[in-house]
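Input: a single structure, listed below in structure tokens.
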RNA sequence: GCGGACGUGGCGGAACUGGUAGACGCAAGGGACUUAAAAUCCCUCGGGCUUUGCCCGUGCGGGUUCGAUCCCCGCCGUCCGCACCA
């Protein structure tokens, strides 16, 4: 055994009867190449550069403390794209930052007496180190955290600009108030009517809050979805539903004077089905409708009912089981087409004040809720729409309403019309009628989308740059006084917002009158921070929020990658933000993200002991396979239950840490494994076997290259177009073509399969390389170079090591993607499958350019075809050029 | 309830625009090398049968087609989103 020390390499060669190669050692190799890239400043992106731009971005992480395996899958995908596009000649922007404001930092402060700032920046440092181990080609010179004063300073500028443009308002609204933590809770943080953290029963409070007027763009946000053709259809659909556009009619109903409260003369409803107006049998208004409040003034029973609705009102679980309930106010309205026809007004628990006008007319035959309600209170059910072909004389509605399209009945002048025509007819007639000098009805478009409330009663967020003055009202902080900086000296001894009880922070002079005034102590929703960070990355050190030119050059983000959980809020808010920023002159852009990709999660089995404890994978030993497969707790020797695949989470302990994997197998193995097998938009199951398999492949590539090295190091690359070496050049060029296409489509799993195939195909022709002639060596050299480039986006460290091994002095990460030779992609002879009656019975090898007649003739001459035809002529022969032949016997 | 997606070997998945079903990997079984282990290499790997070959097979039942994992109709199942939105 001879040990050979190589120049520029810390690895050894070992010689045992021929040549075997020392295993590739990622632990030594990876940090070295990371350092080489950093020293060459390869991934620092200049803003001014002649090359075409490409902006690839992964949703930035919240600095919770450790990188999660899910992060690494996400960032690896982006990195493959970034490295590929760079090799294709693009000036690639691939930045990273931190979504650093938010509750967990404050929770940590309360529990562990750590300052949120300190906690956050420590976490960032730890996670930055974790990310750097992954060998991601990120431009770290553009890094920022949203809690950097530099960043939130600019966010405050944006807030003031939006305010100036009329896109910010202050209004009171109902919020979920946690009386123990003394803070507003998001709907997601209310579980069964209780605060998720405190467990206290959540109260509904009216609070003055700051809002972004996202509804100003409802129509545009909806319409522009059609243009986002590089977004998943699912996400576009979710946004469409969320915005929830509907076209209908608002109708004003006159109250019967003697039943109405003083000074109220009408009730306005909204409906998308004005065609059903003759099926109306009652009116229903929300519990917090002004008319309900008025009616309750002299009616304690009604007041109690309203109070009950309010209490049950909010939680989703309550709604599911809540029975339709109503209370007759004794107020009556007149039907707009028949003043003699009066209907009772009920306060109903299923009508929402937030949508439409907070009042409806109930048409039991056409709406299941209305039908349930009518059946409960014995109200009339008049069918007004029936399916086409049904008999008007016998058509009835009893337990199930009919809400589809159809033909009108029991509707006077509408009878016999389609419901569409009836809609138009009712609208036309009522638009002409007047009540108190105004039209009775108006066509109206309604949206489900609400304005975005951004006030949070918390410390660790971007302060809202506003001042409250007794004399002048709400006054914006003058821009020259920005930033409004968070004070560092705070305490979390008591619940509530520490900014509120800080001894001095909130006291300021009014910028207008100079009198004593009060700072706004609410901070912004952290979704604001993440709504424009992608724009800030284009000029992270600019004085203004953006450098408009740089923003316009880079944006929109060409490929955005992140989790489906952000399908609505984050993506919708960002879409609003670019519109608002455009209005304020910060960029000229229609949409923030041209391409969107939602990646799947990394999941792992769960293990649970008999006593209910969750066990981590490292605490468990697995035995057997298939039915016999069992998990044993190492510490106790007891068998534990193997549970379902779930997203890795701390609570179920089914986590695998990226650091551990990197330390044992290296980053390349982790990167390769996470993108192999499962398509990137689906979940991938982390298994030790899978990771080991990926590592085997790392070693296999290394071995193939290292063993070819002596024969190819001094050769210059050249494809073979004839002779035996074609067996080397053809697969290499075919793989080159298809892997590139797969990466463009983000089909990483398929690209990886193609690389596997190439390595399999090169194995045999490479075995005799040491005896091969010059042209074979040249072809092998070229194939190795191609292989290295194909592997490089996925396993960049291995690629560099291989490159150096065949004598390369440059960095692969800075190299160009090779071009394939079209001649080597096509074969002269092709193998056509031959079917008889649609079933494959054999093959035909024939010249690629053979015409149909030649193919048919050759097919009919085949033994098995003649046998099948048994002397008779075929009924039909179908030749699909270069695909298949089907003989119909 | 409304909307959407999906269903292929033991497993993850591949199969372009209707044209060879099961690429590639994992697991499993057998063998080679080794004192042994690891590593590596070779073979088998959807089911069945009367095994030079034939039949069945992409959730189930139909249909269109020379030909269907792919298109159409009807079921079944799983997952996701929204949910009293008038």
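Numbering (the numbering used here), first residue to last: 6 to 894.
For every residue, glycine included, the Cβ atom is placed at its ideal position computed from N, Cα and C.
**Report entry** Own chain partners of residue 525 with C-beta closer than 6 Å, once the 5 adjacent residues on each side are dropped
**Finding:** Taken in chain order, the residues that qualify are 469 and 471.
Query raised in the report: Does DSSP put residue 398 in a helix, a strand or coil?
Result: Residue 398 falls in the coil class under three-state DSSP.
**Report entry** Span separating the alpha-carbon of residue 594 from that of residue 728
**Finding:** Rounded to the nearest whole angstrom, the CA to CA distance from residue 594 to residue 728 is 55 Å.
**Report entry** Residues near residue 233 by beta carbon distance below 7 Å, same chain, minus five either side
**Finding:** Its chain contains 241 and 596 as the residues whose beta carbon lies nearer than 7 Å to that of residue 233, once the 5 sequence neighbours on both sides are disregarded; these appear in chain order.
Query raised in the report: Whose CA, out of 604, 267, 248 and 642, lies closest to the CA of residue 615?
Result: Taking only the C-alpha atoms, the option nearest residue 615 is 642.
Query raised in the report: Taking Cβ to Cβ, would you say residue 462 is nearer than 8 Å to residue 521?
Result: No; because the gap between Cβ atoms is not below 8 Å, this pair is not in contact.
Query raised in the report: Exposed or buried, what is residue 278 when buried is set at 16 or more other beta-carbons lying within 10 Å of its beta-carbon?
Result: Under a 10 Å Cβ-count criterion, residue 278 is classified as buried, with 16 or more other Cβ atoms of the shown protein chains found around its own Cβ.
**Report entry** Residue range of the unbroken alpha helix (DSSP H) whose run includes residue 346
**Finding:** Residue 346: not part of any alpha helix (DSSP H); member of the beta strand (DSSP E) spanning 343-353, first to last residue.
Report task. Taking 8 Å as the cut-off, decide whether the C-beta atoms of residue 611 and residue 454 are in contact. Result -> Not a contact, by the Cβ cut-off of 8 Å.
Requested in this report: Scan the stretch 681-718 and note each continuous alpha helix (DSSP H) run of 4 residues or more that stays entirely inside, going in chain order.
Outcome: Counting only runs of 4 or more, we get 693-717.
Query - 8 Å contact criterion, which residue 578 and residue 532 should meet: CB distance rounded - result: A Cβ-Cβ distance of about 5 Å is found for the pair residue 578 and residue 532, placing them in contact under the 8 Å criterion.
Requested in this report: Please report the Cβ distance between residue 243 and residue 672, rounded to the nearest whole angstrom; I am assuming they are in contact, meaning their Cβ atoms lie under 8 Å.
Outcome: That belief does not hold up - the Cβ atoms of residue 243 and residue 672 are roughly 34 Å apart, past 8 Å.
Query raised in the report: Roughly how many angstroms lie between the CA atoms of residue 324 and residue 679, to the nearest whole one?
Result: Unreliable placement is indicated for residue 324, whose pLDDT of 48 sits below 50; the coordinate value is still reported in the next sentence. Distance from the CA atom of residue 324 to the CA atom of residue 679, rounded to whole angstroms, is 41 Å.
Requested in this report: Return the CA-CA distance between residue 648 and residue 613, expressed in angstroms with no decimal places.
Outcome: Those two C-alpha atoms are separated by around 7 Å.
Query raised in the report: Which of the three DSSP states, helix, strand or coil, is assigned to residue 363?
Result: Residue 363: coil per DSSP, three-state reduction.
Report task. For residue 413, write down the residues that DSSP places opposite it in a beta bridge. Result -> Per DSSP, the beta-bridge partners of residue 413 are 390.
Requested in this report: Would you please state the rounded distance, in angstroms, between the beta carbons of residue 389 and residue 415? I believe it to be under 8 Å.
Outcome: Correct: roughly 5 Å between the Cβ atoms.
Query raised in the report: So, helix, strand or coil for residue 53, using DSSP?
Result: Coil, per DSSP.
Requested in this report: Measure the alpha-carbon distance for residue 885 versus residue 861 and round it to whole angstroms.
Outcome: Going by the C-alpha atoms only, they are around 11 Å apart.
Query - Proximity to residue 153 [Cα-Cα], best of 534, 557 and 376 - result: Residue 153 has its Cα closest to that of 534, out of 534, 557 and 376.
Query raised in the report: How should residue 383 be labelled, buried or exposed, when 16 other C-beta atoms within 10 angstroms of its C-beta is the threshold for buried?
Result: So residue 383 counts as exposed.
Query raised in the report: If you run the structure through DSSP and keep just helix, strand and coil, what is residue 604?
Result: DSSP places residue 604 in strand when its eight states are reduced to three.
Query raised in the report: Would you call the stretch 390-401 and the stretch 288-304 in contact, with 3 or more CB pairs under 8 Å?
Result: Proximity of the stretch 390-401 to the stretch 288-304 falls short of the contact definition, fewer than three beta-carbon pairs being nearer than 8 Å.
Query - Pairwise C-alpha distance: residue 298 and residue 362 - result: The straight-line gap separating the alpha-carbon atoms of residue 362 and residue 298 is approximately 15 Å.
Query raised in the report: By a C-beta neighbour count over all protein chains shown, 10 Å radius and 16 as the cutoff for buried, is residue 663 buried or exposed?
Result: Using a 10 angstroms sphere on the CB of residue 663, the tally of other CB atoms reaches 16 or more, which defines it as buried.
Requested in this report: Report the three-state DSSP secondary structure of residue 127 (helix, strand or coil).
Outcome: Residue state, collapsed to three classes: helix.
Query raised in the report: residue 222 by DSSP, collapsed to three states: which one?
Result: Secondary structure of residue 222 (DSSP, three-state): helix.
Query raised in the report: Hey, would you say residue 800 sits closer than 8 Å to residue 619, going by beta carbons?
Result: The Cβ-Cβ distance between residue 800 and residue 619 does not fall below 8 Å.
Report task. Starting from the C-beta of residue 639, find all residues in its chain whose C-beta is less than 8 Å away, skip the five residues before and the five after it, and write them out in chain order. Result -> Within the same chain, and ignoring the five residues on either side of residue 639 in sequence, the residues whose Cβ sits closer than 8 Å to its Cβ are 624, 625 and 626.
Query - Completely contained alpha helix (DSSP H) runs for the stretch 823-859, where each covers 4 or more residues - result: The alpha helix (DSSP H) runs lying completely inside the stretch 823-859 and spanning 4 residues or more are 827-830, given in chain order.
Query - Reference residue 460, options 650, 370, 238 and 212, closest by Cα - result: Closest by alpha carbon: 212.
**Report entry** When 591, 890, 738 and 306 are compared against residue 170, the one with the closest alpha-carbon
**Finding:** In terms of Cα proximity to residue 170, the closest of 591, 890, 738 and 306 is 591.
**Report entry** Closest Cα partner of residue 840 within the set 832, 682, 834 and 849
**Finding:** Looking at the Cα atoms, 849 is the closest of the given residues.
**Report entry** Residues of its chain near residue 869, where Cβ-Cβ distance is below 6 Å and the 5 sequence neighbours each way are ignored
**Finding:** If you ignore the 5 residues before and after residue 869, its C-beta comes within less than 6 Å of the C-beta of 846 and 847, all in its own chain and listed in chain order.
Query - Cβ pair residue 260, residue 336 closer than 8 Å - result: At a Cβ-Cβ threshold of 8 Å, residue 260 and residue 336 count as neighbours.
Report task. Decide if the stretch 119-126 is in contact with the stretch 536-548; the criterion is three or more beta carbon pairs, one per stretch, under 8 Å apart. Result -> Too few Cβ pairs lie closer than 8 Å, so no.
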